[in-house]
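Sequence positions in the sequence shown follow the working numbering and run -13 to 135. The block underneath contains the structure these notes are about, expressed in structure tokens.
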Amino acid sequence: MKRVFVFFLFLAFYGIAIAQELPPDVEKVYKGAEKLKNKKEYMLAITEYKNVLRSVSHVPSMESIGQIAMELMSPPNYRLAFEYYDKAIQELGNQLALAQKNKEKEKINEYIQLLTPKRNKAKSYVDDFEKVKEKKENGNRLKKDMEDE
């Protein structure tokens, strides 16, 4: 039941973000990216979402890149996911600062709260990877020092 609620909540927020006006040519690229994502052609979809982002700061495109990178691709690319979830949250923060109506502000805040755990999850994997990489580098230096003696 909780998953159904979260799904409908996501759809509601997704609709709000999609309401962001896109120029017709950019909207065509975005819809093409969505089709590629649905066909599981993830790398091509990411390229098309990035093409959308060259024209406008489009939160659904940022979120889609994050989702593909963290949840759909194998192996996951947590660094890319973190980057785009973080960009989406920053853009929503900008929209929040410009929002006039309390209802609009509330919806943006809820959307931020929906994306924040995903960003944090991706960030934790990135941090863990960096720690392992640093330990490996330190181990290699120690090994090299021992060999040099």
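By construction, the Cβ of each residue, glycine as well, lies at the ideal position given by its N, Cα and C atoms. For clarity, every value in this text was computed on a predicted model and none was experimentally measured.
Taking buried to mean at least 16 other C-beta atoms within 10 Å of its own C-beta, is G79 buried or exposed?
exposed
Tell me the DSSP secondary structure of S50 in three-state form.
helix
From this set, A31, Q6, E7, E57, which residue's C-alpha is nearest R105's C-alpha?
E57
Kindly indicate which three-state DSSP category Q86 falls into: helix, strand or coil?
coil
What residue range does the alpha helix (DSSP H) around K14 cover?
10 to 24
If you compare alpha carbons, which of Y64, K73, K21 is closest to V42?
K73
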